[in-house]
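Q: My structure is below; once you've seen it, I'll send some questions.
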Amino acid sequence: MMSGTKLVRRFFWVILMIIAVMFIAVYVYSVPLIQKEVYEIERNSARLALNNVFQLANKMYSNLESYRAQALDAHKQRLKAVVELTEAQIANTFAQAEKDNLSTEQVRTRIFNNLRNVTYGSAGYIWVADHDATLLSHPDPRFQGFEISQTDNRDQAHLIRQVIDTAVKEGEGYYQYKWQRLSKGPAIDKLSYVKNFPQWGFVIGSGLYLDDLEAEVQTRKQAAIQEVREALSEIRVAKTGYLYIFDNNGHLLAHPNPNIDQTSALPLINPSSGRPIIEELIEIADTGRELHYKWDSPSDPGNYVYDKISLVRSMEGFGWYICSSVYVDDLRHSSVQLSQRILTIALISILLAMGLAVFFINRIVQPIKRLAHTAERVRGGDLTARSGIQRDDELGMLAQTFDSMVQRLRTNIQTLDSKVQERTQELAQLEERQRLILDALPAQIAYLDADLHYLFVNQGYADLFGGDKQGIVGRSINSVIDPQMMDTIRPQIEQCLAGEEVMFEYSFNRDGQEMITKRILLPDINSHGEIIGLLNLSLDITAEKEAERRLTEAQRMNAAGQLAGGLAHDFNNLLSVIQGNLLAAGDRFTETEGLQKYLTPAIRASRRGADITARLLAFSRRQALAPTAVDVKSLIQDTVELVTSSLPGNIQVTQEIESDAALFVDPGQLENALVNLALNARDAMPEGGKIELRVRNLRVESPLEYDEAVPAGDYVEIRVSDTGSGFSGEALAQACEPFFTTKGTGKGSGLGLSMVYGFIKQSRGFITIVNRPEGGAYVSLLLPLTDVDIPQNQPPAPPTPAHQDFTNQLMLLVEDDRDVRAVVRDQLIALGFTVLEAGDADEAEQLIRSLPEIEGLVSDIDMPGRLNGFGLAELMREQDCNSTIVLISGNAVHQQPKGTDQTWEILPKPFDRDALAAAICAARRASSGNR
319 MMSGTKLVRR FFWVILMIIA VMFIAVYVYS VPLIQKEVYE IERNSARLAL NNVFQLANKM
379 YSNLESYRAQ ALDAHKQRLK AVVELTEAQI ANTFAQAEKD NLSTEQVRTR IFNNLRNVTY
439 GSAGYIWVAD HDATLLSHPD PRFQGFEISQ TDNRDQAHLI RQVIDTAVKE GEGYYQYKWQ
499 RLSKGPAIDK LSYVKNFPQW GFVIGSGLYL DDLEAEVQTR KQAAIQEVRE ALSEIRVAKT
559 GYLYIFDNNG HLLAHPNPNI DQTSALPLIN PSSGRPIIEE LIEIADTGRE LHYKWDSPSD
619 PGNYVYDKIS LVRSMEGFGW YICSSVYVDD LRHSSVQLSQ RILTIALISI LLAMGLAVFF
679 INRIVQPIKR LAHTAERVRG GDLTARSGIQ RDDELGMLAQ TFDSMVQRLR TNIQTLDSKV
739 QERTQELAQL EERQRLILDA LPAQIAYLDA DLHYLFVNQG YADLFGGDKQ GIVGRSINSV
799 IDPQMMDTIR PQIEQCLAGE EVMFEYSFNR DGQEMITKRI LLPDINSHGE IIGLLNLSLD
859 ITAEKEAERR LTEAQRMNAA GQLAGGLAHD FNNLLSVIQG NLLAAGDRFT ETEGLQKYLT
919 PAIRASRRGA DITARLLAFS RRQALAPTAV DVKSLIQDTV ELVTSSLPGN IQVTQEIESD
979 AALFVDPGQL ENALVNLALN ARDAMPEGGK IELRVRNLRV ESPLEYDEAV PAGDYVEIRV
1039 SDTGSGFSGE ALAQACEPFF TTKGTGKGSG LGLSMVYGFI KQSRGFITIV NRPEGGAYVS
1099 LLLPLTDVDI PQNQPPAPPT PAHQDFTNQL MLLVEDDRDV RAVVRDQLIA LGFTVLEAGD
1159 ADEAEQLIRS LPEIEGLVSD IDMPGRLNGF GLAELMREQD CNSTIVLISG NAVHQQPKGT
1219 DQTWEILPKP FDRDALAAAI CAARRASSGN R
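Take a look at the structure:
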């Protein structure tokens, strides 16, 4: 063996030295360490066993406490059920007594006699007391009819009185107090459920003596002790160690030694200290310290020379102490025995290893020599060299792997250049795709390092700051963005570099227009928690903000419209009273000299007020529309002809009509809107100018921005433009608001554009006002295009007779406003009617049903009562199909009701006597036509 190669000799001496070192290391380090560790393991096993038993006992205590709470809840539910059953029995007794004609006193006597005999559980019973604390029913004869206040125990009397008063006040509840058992004896703790029955004048209670509950718990506790005793009998620590339990009085509750189990341990003295061993064990309880003392051995009783160790845990809930006790020699015995066996096994293993090492050294060295020779050839550049070793062990695998590696190395060297070129091309393509994606995103993206130098920007970011990407990368942020912008966003950048994600909005001017951006700054944190840079993501939200602003403006205009509509309704009622009384005064006092001088301007003012309310209703979208198919071209031509005649000579009116479509709108209101726009244009050109009306079809494929977003569809655009002074910023923002005007005092009501706005919105259209770059402004109206046919000219309606005889015809007038009702009543009387009045719909309904002589109805639409004006009209028509019905309203939103073929004559407020007469005549003709 020693005459082998140099490698063999080296292997042998190295293995021999390793074996010697291993033997010494095992002997010097392993044996003492093993002995110490095994001793600690055995020692800790005693502690672990003690902790396990402690956890078991603690769990038993928790279960015991849980049982106590559950038992108490169960008893409470039973007490409540007993009272509820008693309540049901008493109620049934009272009901039966009422059938048997028994007196209340007889019933109560029967009930109380029955309740005295009711018992439940072991000692449960029911008691009844009145609100003066007198026991009306009690199974103990001593307390039957007993007044609580008469007891000698004043504290008890006060407590019982307080329980009854509390039950009377709160209705029911659980109360604890002291009371004697039926078998006499001292007062003990009792829990009662007491419920007040004010209909009977007494309270009913059922109770539980708490010592009965405690007896149940103690039974459970004794079962738990027995379970722990059985568990301790199965536990051994080391060879002869054990666990036991004693209480605060030194009584051994569970001990594996039957000779001292269930006995007092106080007489047992520690021979080392002369103190009772139990006292010393209690002192170290739960301190984590061990008690070391001398004790006798089972094999050598009475000889207290053997070292022993004890650990103690205290369990306050039960008042227990759980103790482990083990002899030190038992702990060391296992470690010594284990260390000896390990040394024996190690020595035998070392001797076998030396013999096997000599055998395997020679077997391993031969193929290694061949591999070394082959490696020398490969190092010399001969990549065709092969070891030729064929074995089924690791050396064979090593040789095959070596030969395969040489072959792959040869192949790889040949193909390395081509693969490097292909990978380089793929990386370039990937980088180009990523660049195209980032550049195509509708956002500005940039990455900066912790020193705020650009490492990457996309094309959107470069375009925003007027540079190219290569020119920005590598530069500091201070050299790229505006200093003012940098001062504004510096706090957000510093916050991001502190590790927070930051989101904020920033606006600035770009090419003369405001641009609003939403910016998100994300910190880049490496695996060590360091901030190494930040990512900036900026989105252009200018369009979103503009849409938000338009939505807010539309909501504000809608709110103003609702307010204007409400004001117009109330104002129409006021105008009805004012105008009606003025006209009546003019008719009645015609001979009074000079009176017309004052009435005429007042009547004219009231009619102008009516015109203003009509405009307010138009703005609020509550005007009554009569939409029909309208030839836009014809209407525009007629409007231009009408407007031209009323404009000064220095204003030229032109028209450009590129549409022959028909619109479904109210032609009168559309014409009125165009006239208002033309007159506004006239006022904007005091020195003269040009007004142009242009009409064209417009197909919307992407949303347009008017007063609100215009959905896709086909529309007709009517644009009225002028060459005047245009609108100021304030005027553009408030142009459509009611009463806003830029004209001088007395030169305009400020309702022209408001009326146009309301009509367009009521017609499902859109409006926008724009200043023209070349001067002046235009108002664009966008109305939806529908497929409708233009109706042929209809023959004119027959003329209304100038006078009709209404004498002695009974007309029912329904109006909740007393002043308006008085005016309309006078007008009807002046026309010859006999008038019957009603102040609300309910009164009118009764009159219609009870008076068949009523020939006609004049009714407001909105008024208090079950029915509105339409409902009264339907009822009147059912009573008399030939009746004359006219509905009046100060709110023009009331049009003909939907879902019915019946139409009604609606007269808007305010109106005069002639208008009322005309409406009655029209209603009468319609009624005759229905026949």
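The opening residue of the sequence shown carries number 319 in this note's numbering; numbering runs sequentially from there.
By construction, the Cβ of each residue, glycine as well, lies at the ideal position given by its N, Cα and C atoms.
Being a predicted model, the structure only gives us computed values, none of them experimental.
On the three-state DSSP scale, how would you describe methionine 335?
A: If DSSP states are grouped into helix, strand and coil, methionine 335 belongs with the helices.
Q: What is the rounded straight-line gap between the Cα of alanine 415 and the Cα of valine 425?
A: Alanine 415 and valine 425: Cα-Cα distance of roughly 6 Å.
Q: DSSP three-state label for glutamate 959, please.
A: Three-state DSSP puts glutamate 959 in a helix.
Q: Can you tell me whether DSSP reads alanine 451 as helix, strand or coil?
A: Coil, per DSSP.
Q: With a Cβ-Cβ cutoff of 9 Å, do tyrosine 560 and asparagine 588 count as a contact?
A: Not a contact, by the Cβ cut-off of 9 Å.
Q: Lysine 508: which of Tyr495, Pro516, Asp1137, Gly1093 sits nearest, CA to CA?
A: Here the closest residue by C-alpha is Tyr495.
Q: For the alpha helix (DSSP H) that proline 809 lies in, which residues bound it at each end?
A: Looking at the DSSP string, the run of the alpha helix (DSSP H) that includes proline 809 is 801-815.
Q: Measure how close the beta-carbons of lysine 513 and valine 401 come, nearest whole angstrom, since I'm counting them as under 8 Å.
A: Between valine 401 and lysine 513 the Cβ distance is about 5 Å, and since that is below 8 Å, they are a contact.
Q: What residue from Ser1207, Ala1159, Glu1171, Gly1208 has the CA that sits closest to glutamate 1192's CA?
A: Ranking the options by Cα distance to glutamate 1192, first place goes to Ala1159.
Q: Given a cut-off of 9 Å on the beta-carbon distance, is the pair leucine 734 and asparagine 854 in contact?
A: Not closer than 9 Å, so no.
Q: Can you tell me the Cα-Cα spacing of glycine 1093 and glycine 1044, whole angstroms?
A: Taking the straight line joining both Cα atoms gives about 7 Å.
Q: Are at least three pairs of beta-carbons, each pair with one atom in the segment 519-526 and one in the segment 395-410, less than 8 Å apart?
A: Output reads yes: the segment 395-410 touches the segment 519-526.
Q: Can you grab the Cα-Cα spacing for the pair proline 771 / glycine 789, in whole Å?
A: At residue 771 the sequence reads histidine, which differs from the proline that was named. Taking the straight line joining both Cα atoms gives about 12 Å.
Q: Confirm, please, whether the CB-CB distance from isoleucine 763 to serine 856 is below 9 Å.
A: It is a contact, given that the beta carbons lie within the stated cut-off.
Q: Could you pull out every residue in the same chain whose Cβ sits closer than 6 Å to the Cβ of isoleucine 640, ignoring the five residues on either side in sequence?
A: Result list for isoleucine 640: Val371, Phe372, Ile563, Arg631, in chain order.
Q: Return the residue from the list Asn998, Glu1010, Asp710, Ser384 that minimises the CA-CA distance to glutamine 955.
A: Measuring from the Cα of glutamine 955, the nearest candidate turns out to be Glu1010.
Q: Looking at tyrosine 645 and tyrosine 624, is the spacing between their C-beta atoms short of 9 Å?
A: A contact, by the Cβ cut-off of 9 Å.
Q: Smallest Cα separation from leucine 1149: which of Asp1230, Gly1076, Val738?
A: Considering only alpha carbons, the answer is Asp1230.
Q: Comparing alpha-carbon positions, which option in Val950, Leu960, Glu1171, Arg1195 lies nearest threonine 1104?
A: For the residues Val950, Leu960, Glu1171, Arg1195, the minimum Cα distance to threonine 1104 belongs to Val950.
Q: Phenylalanine 937 to isoleucine 1078, Cα distance in whole Å?
A: The pLDDT assigned to phenylalanine 937 is 45, lower than 50, so where the model puts this residue is not dependable; a value taken from the coordinates is nonetheless given after this. Straight-line Cα distance between these residues: approximately 9 Å.
Q: Serine 938 by DSSP, collapsed to three states: which one?
A: Low per-residue confidence applies at serine 938: pLDDT is 45, beneath 50, and the placement is therefore not dependable enough to give any value.
Q: Write down every uninterrupted run of the beta strand (DSSP E) in the segment 685-773 whose length is 3 residues or greater and which is fully enclosed by it, in chain order.
A: Counting only runs of 3 or more, we get 762-767.
Q: Can the beta-carbon of serine 455 be found less than 9 Å from the beta-carbon of isoleucine 478?
A: No, the Cβ-Cβ distance between serine 455 and isoleucine 478 is not below 9 Å.
Q: With contact counted as at least three CB pairs below 8 Å, one residue from each stretch, are the segment 331-345 and the segment 584-604 in contact?
A: The segment 331-345 vs the segment 584-604: no contact.
Q: Below 8 Å CB to CB, which residues in the same chain sit around methionine 804 once its five sequence neighbours on both sides are set aside?
A: These residues qualify, in order along the chain: Ile795, Asn796.
Q: Starting from glutamate 1155, follow the beta strand (DSSP E) in both directions and report where the run begins and ends.
A: From DSSP, the beta strand (DSSP E) with glutamate 1155 extends over 1152-1156.
Q: Taking buried to mean at least 16 other C-beta atoms within 10 Å of its own C-beta, is valine 820 buried or exposed?
A: The residue is buried, with at least 16 neighbouring Cβ atoms inside 10 Å.
Q: Out of Arg434, Val1038, Phe1188, state which residue places its alpha-carbon closest to the alpha-carbon of glycine 975.
A: Sequence inspection shows isoleucine at residue 975; the glycine mentioned does not correspond to that position. Measuring from the Cα of isoleucine 975, the nearest candidate turns out to be Val1038.
Q: In whole angstroms, what is the alpha-carbon distance linking leucine 1099 and leucine 782?
A: Distance between the alpha carbons of leucine 1099 and leucine 782 is about 36 Å.
Q: For the putative contact between isoleucine 1224 and methionine 1194, defined by C-beta atoms under 8 Å, what is the C-beta separation to the nearest angstrom?
A: No, isoleucine 1224 and methionine 1194 are not in contact; Cβ-Cβ is about 15 Å, not under 8 Å.
Q: Got a sec? Which residues, its chain only, sit under 7 Å from glycine 1031 by beta carbon, not counting five neighbours each side?
A: For glycine 1031, where only same-chain residues beyond five positions count, the Cβ hits under 7 Å are Val1018, Pro1102.
Q: Measuring alpha carbon to alpha carbon, tell me which of Lys557, Met672, Gln684 ends up nearest serine 615.
A: Comparing Cα positions, the closest option is Lys557.
Q: Mapping DSSP to helix, strand and coil, what is threonine 581?
A: Of the three classes helix, strand and coil, the one that applies to threonine 581 here is coil, per DSSP.
Q: If we cut at 9 Å on Cβ distances, does alanine 664 have a partner in chain B?
A: Structure shown: chain B not included; a single protein chain is present.
Q: Identify the continuous alpha helix (DSSP H) that holds valine 1141 and give its terminal residues.
A: Looking at the DSSP string, the run of the alpha helix (DSSP H) that includes valine 1141 is 1136-1148.
Q: Quick check on glycine 1208: does DSSP put it in helix, strand or coil?
A: Here glycine 1208 sits in coil by DSSP.
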